[in-house]
Each structure stands twice: as structure tokens, then as C-alpha cells.
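First residue of the sequence shown: 1, per the working numbering; consecutive thereafter.
Every residue, glycine too, gets a C-beta built ideally from N, C-alpha and C.
This one's a predicted model, so the numbers in the text were calculated from it and none came from an experiment.
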Amino acid sequence: MQPIDTNALIEDPYGTYEKLREAGPVHRVTGPDGRPAWLVTRYEDVRKGLADPRLSLDRRNALPGNYSGFSLPPALDANLLNMDPPDHTRVRRLVVKAFTPGRVEKLRAPVRAIADELLDAVEPDGRADLLAAYAGPLPIIVICDLLGIPQGDRRDFRVWTDALITPDRERPHLMKEAVGSMMGFLGGLIESKRADPGDDLLSDLIAAEDGGDTLSRDELTSLAFLILFAGYENTVHLIANSVLALLDRPGLLRELRKNPDGLGTAVEELSRWDGPAPLAIRRFPLEDVEIGGVTVPAGETVLLSVASANRDPRHFPHPDRLDLHRERSGHLALGHGIHYCLGAPLARMELETALAALLERFGNLELDAPRDSLAWRPTIRARGLISLPVRW
């Protein structure tokens with residue numbers, strides 16, 4: 001069994017995935033949790049796998065001792081990333097009633113106002129860590145506004161999220177404490193919203209009803225956790241990764257400044273190019289399944305590499321070229337099938353708005369550190385910078 005070269009997948013993920021992809025479509029590997037897994041690398045196989053109902057997201061379908069991942073209490077684990085139909089169908093039907101494109105579009109002007117306010121704060125300095133000052137705060141403010149989280153309760157959220165995404169191996173208790181704190185916070189917030197509903201997504205989720213069906217307390221807590229966790233962390237890295245990709249290509253930066261109407265198309269290509277989630281949520285076959293000509297036994301762990309699929313030359317001509325006019329997309333950065341990202345419209349709008357505000361404000365934006373000094377977070381579960389120093 002071939003272990004995953006964690007360092008290579010952090011420092012040079014796309015070069016490493018290229019070698020794996022050409023060596024074969026499916027690899028027997030030692031996963032990030034130290035347990036055996038099957039790594040799928042080619043576009044067609046990954047796309048099919050994302051939509052294959054035989055590949056379960058419910059960890060109860062894993063073989064005993066075959067998988068160890070995040071261990072969450074039931075109050076945080078009853079979410080869409082650990083559900084199969086019919087439970088997934090039922091919960092998503094209730095959630096989608098509150099998470100509409102119309103709500104996202106109404107957020108566009110407020111998101112732009114938040115972006116401008118954050119840039120106002122740093123503009124006089126002439127330099128900043130863009131991740132800490134802009135890419136990080138913007139999504140958390142947006143998500144907290146969306147869910148109706150009071151201002152005074154937001155300060156600890158990023159600490160909790162960092163503890164879950166990049167656990168401190170020398171202080172494992174921090175992750176457990178973060179889970180407990182988040183669960184207590186969300187449970188109290190839900191009870192507060194139930195007693196005094198507001199014009200926010202969490203109040204809408206509490207009130208969501210379909211044929212007499214409503215979300216249970218655990219489902220509500222888990223959904224709030226998922227929206228906060230995924231809506232914050234993924235968008236932070238999507239913004240920062242996209243800005244770095246453009247800073248590396250000043251010609252594309254100038255092009256977008258001259259033609260801001262091209263940002264919509266650019267958002268899709270930037271998401272394909274260097275998305276925040278290299279691996280889809282693990283799957284467990286309900287039966288023996290053939291993937292890329294390889295038979296994967298029931299219950300074993302399957303890792304679908306979205307990062308590798310999005311650079312597969314079998315689907316994307318010249319995949320290592322950042323092409324803001326790419327006609328054929330179909331990228332998998334936001335998933336595919338019934339588990340396609342519920343917050344995809346929000347993520348697209350936030351990235352487009354964040355880039356528009358930044359490019360309009362700073363006409364001479366550039367890196368404020370040697371390119372090879374930039375470091376990535378030490379995990380293959382997320383693709384994100386530790387900092388992004390810039391000047392203008």
C-alpha cells in the first residue's frame with residue numbers, strides 16, 4: 001500500500017496529482033488518518049463517484065476499524081455531509097426553502113459594503129496580511145449576518161474553526177474543547193431564535209416545514225454548524241487562493257481591472273484552478289464497486305480527489321493554464337450530484353464581490369514577501385495559505 005506523500009500534496013499538490021493520475025485512475029493509499037483508502041484521481045471517475053448512490057457518506061457504512069475521521073457528537077453530526085437518501089433528501093428539501101438564490105442576491109450589496117469597510121481600515125497602511133485583514137473576516141461576517149449571530153458572539157468562532165480544520169497534535173484537547181464550545185453556543189442560539197425569531201436564515205430553518213415535517217434539534221444544530229464551518233473556511237481560502245493566482249499573473253490582473261464584467265467567468269476558472277477543498281467528503285461503498293477498472297470492496301474508504309480531477313487534461317485542455325476565458329468548465333470544486341454545495345451561489349457571489357472591491361481599490365496590488373516564502377496550511381483536507389502579505 002502506497003502512503004500519501006503529505007508534504008508533496010501540500011507543497012506541490014498539482015504536480016503530485018499529475019503523477020498519480022498518469023500512473024493510474026485509482027490508488028490504494030494510506031489516508032490522512034493513517035488508515036487504508038482508495039484515492040480516485042481522474043475527472044470522469046471522480047465526477048461519477050460524486051453522484052454514485054452506491055458510495056455512501058454515512059460513516060456507519062464504513063468497515064469496523066477501516067476509517068477514523070472527525071468524531072463529532074450527534075448534535076453536530078446530523079448534517080448533510082454525513083447523510084444518504086432518504087434522510088438527505090428530506091433535510092435538503094427543508095433547508096433549500098430557506099437558502100434561496102433570492103436571499104443570496106439580496107446579500108450582494110451588504111457584502112460589498114462589508115468588503116469596502118474592511119479595505120477602508122487597511123488602506124492607509126499601504127500593506128497588510130490580506131488573509132487576516134480581508135479574506136478571513138469577510139466570510140465570517142457574511143455567514144454570521146446570514147444566520148443572525150449577534151456581534152458580541154462572533155469573536156471565538158475563528159479560533160474554534162481553526163482548531164477543527166488544523167488540529168494541534170501537541171494539544172489535542174483544543175479540538176475537543178472547540179467542539180464542545182461550538183455545540184453549546186449553537187444550541188443556545190437556536191433556543192434564542194425559537195423564542196424570538198428574526199429575519200435571518202437560522203430563524204427560517206427553525207420555521208421550515210414541509211407536509212408537517214420539521215428539522216429536529218440535532219438537525220438544526222448540525223446544519224448551523226455546517227453552514228458556519230463550510231461557509232467560512234472554504235470561502236476564506238477561495239478568496240486568498242484566487243488573489244494569489246492573479247498576483248502571480250499581472251496580465252490577468254490588469255485584464256480584470258479593465259473588464260470587471262469578466263469576473264463571473266473568472267470566478268469559475270479560479271475555483272477550478274486552486275479550490276479550497278482538494279478532497280471530497282469520504283465515501284463508503286454499499287457494495288463492491290468498480291471505479292476506473294478497479295474493484296473497491298464494500299465499506300472501504302474512497303477519497304475522490306477534486307483537485308486532481310480539476311486539472312485532468314482528459315477534460316480540460318491545457319489544465320495547468322489559468323484561462324479566464326475558458327469555454328468548457330464543468331469543474332467539480334463545488335461538487336456534483338445530490339451533494340452539490342448548497343451554498344454555491346453564496347460562495348460565487350462572495351468571491352466575485354471580494355475581487356471586485358479589491359481590484360477597484362488598489363491598482364498596484366502586489367506581493368509583499370518573496371513568493372517562495374508563502375506557506376500552506378499543513379493539511380491535505382484543505383488548500384489554504386497561512387498568510388498572504390500584500391502592499392499597494
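Bridge partner(s) assigned by DSSP for residue i
| i | result |
| --- | --- |
| Val302 | Trp38 and Arg283 |
| Arg401 | Since the first and last residues shown for the chain are 1 and 392, residue 401 lies out of range. |
| Val338 | It should be pointed out that residue 338 corresponds to Ile in this sequence rather than to Val. DSSP lists no partner for Ile338. |
| Val294 | Ile291 |
For residue i, three-class secondary structure by DSSP
| i | result |
| --- | --- |
| Leu365 | coil |
| Glu350 | helix |
| Trp392 | coil |
| Ile227 | helix |
| Pro127 | Here residue 127 turns out to be Arg, not Pro, going by the sequence shown. Of the three classes helix, strand and coil, the one that applies to Arg127 here is strand, per DSSP. |
| Thr100 | coil |
| Glu209 | coil |
| Leu55 | strand |
| Ile380 | coil |
| Leu385 | strand |
| Tyr67 | coil |
| Thr214 | coil |
| Glu83 | Note that residue 83 is Met in the sequence shown, not Glu. DSSP places Met83 in coil when its eight states are reduced to three. |
| Pro276 | coil |
| Leu72 | coil |
| Glu327 | coil |
| Asp120 | helix |
| Phe90 | Sequence check: residue 90 is Arg here, not Phe. In this structure, Arg90 counts as helix in the three-state DSSP scheme. |
| Gly148 | coil |
| Ala62 | coil |
| Leu247 | helix |
| Asn241 | helix |
| Gly188 | helix |
| Arg108 | helix |
| Pro139 | helix |
| Pro13 | helix |
| Phe157 | helix |
| Gly180 | helix |
| Leu253 | helix |
| Ile4 | coil |
Reference residue i; option with closest CA among the options
| i | options | result |
| --- | --- | --- |
| Arg93 | Leu131, Thr214 and Ile10 | Thr214 |
| Glu352 | Ser242, Ile338, Pro313 and Thr295 | Ser242 |
| Arg35 | Tyr67, Ser192 and Arg60 | Tyr67 |
| Ala375 | Asp58, Leu244 and Leu220 | Leu244 |
| Ala37 | Phe284, Phe225 and Pro313 | Phe284 |
| Arg272 | Pro370, Pro389, Val96 and His318 | His318 |
| Arg326 | Ala277, Val306, Val267 and Ala344 | Val267 |
| Gly275 | Asp45, Ala369, Leu322 and Pro73 | Leu322 |
| Leu80 | Gly330, Arg42, Val390 and Ala230 | Ala230 |
| Ser373 | Leu365, Ala382, Arg381 and Val390 | Val390 |
| Val302 | Thr16, Thr6, Pro32 and Tyr14 | Pro32 |
| Leu228 | Glu117, Val142 and Asp58 | Val142 |
| Arg314 | Ala135, His173, Glu22 and Leu55 | Glu22 |
| Gly262 | Asp12, Ala382 and Leu359 | Leu359 |
| Asp45 | Val26, Leu130 and Ala240 | Val26 |
| Cys341 | Val95, Leu76 and Leu63 | Val95 |
| Asp320 | Gly15, Glu11 and Asp5 | Gly15 |
| Ile338 | Thr41, Arg47 and Glu18 | Arg47 |
| Leu437 | Ala382, Ala369 and Phe185 | Since the displayed the chain opens at 1 and closes at 392, residue 437 lies outside it and no answer follows. |
| Ala277 | Gly299, Asp312, Leu226 and Ala333 | Ala333 |
| Leu220 | Leu286, Glu233, Gly211 and Leu202 | Leu202 |
| Pro260 | Tyr232, Leu205 and Ala356 | Ala356 |
| Leu413 | Met183, Gly187 and Val159 | Residue numbering for the chain in the displayed model covers 1 to 392; residue 413 lies beyond these limits and cannot be assessed. |
| Ala135 | Arg371, Ala347 and Tyr43 | Ala347 |
| Tyr17 | Asn310, Gly384, Ala382 and Arg328 | Asn310 |
| Ser308 | Glu123, Ala240 and Arg383 | Arg383 |
| Leu63 | Leu107, Ala298, Asp129 and Arg108 | Ala298 |
| Glu105 | Asp288, Arg90 and Glu350 | Glu350 |
| Ile190 | Ile206, Ile281, Glu177 and Ala178 | Ile206 |
| Glu233 | Glu177, Lys176, Pro137 and Arg28 | Pro137 |
Distance between beta carbons of residue j and residue i, contact taken as under 8 Å
| i | j | result |
| --- | --- | --- |
| Thr235 | Pro139 | 4 Å |
| Leu270 | Leu365 | That belief does not hold up - the Cβ atoms of Leu270 and Leu365 are roughly 16 Å apart, past 8 Å. |
| Met83 | Leu57 | 6 Å |
| Ile291 | Gly126 | The pair is not a contact, with the Cβ atoms about 52 Å apart (cut-off 8 Å). |
| Pro110 | Asp145 | 7 Å |
| Pro101 | Pro345 | 5 Å |
| Ser222 | Ala75 | 7 Å |
| His331 | Ala51 | The pair is not a contact, with the Cβ atoms about 15 Å apart (cut-off 8 Å). |
| Leu304 | Leu279 | 7 Å |
| Phe185 | Asp218 | At roughly 15 Å, the Cβ-Cβ gap does not stay under 8 Å, so Phe185 and Asp218 are not in contact. |
| Ala240 | Leu131 | 5 Å |
| Tyr43 | Asp312 | 4 Å |
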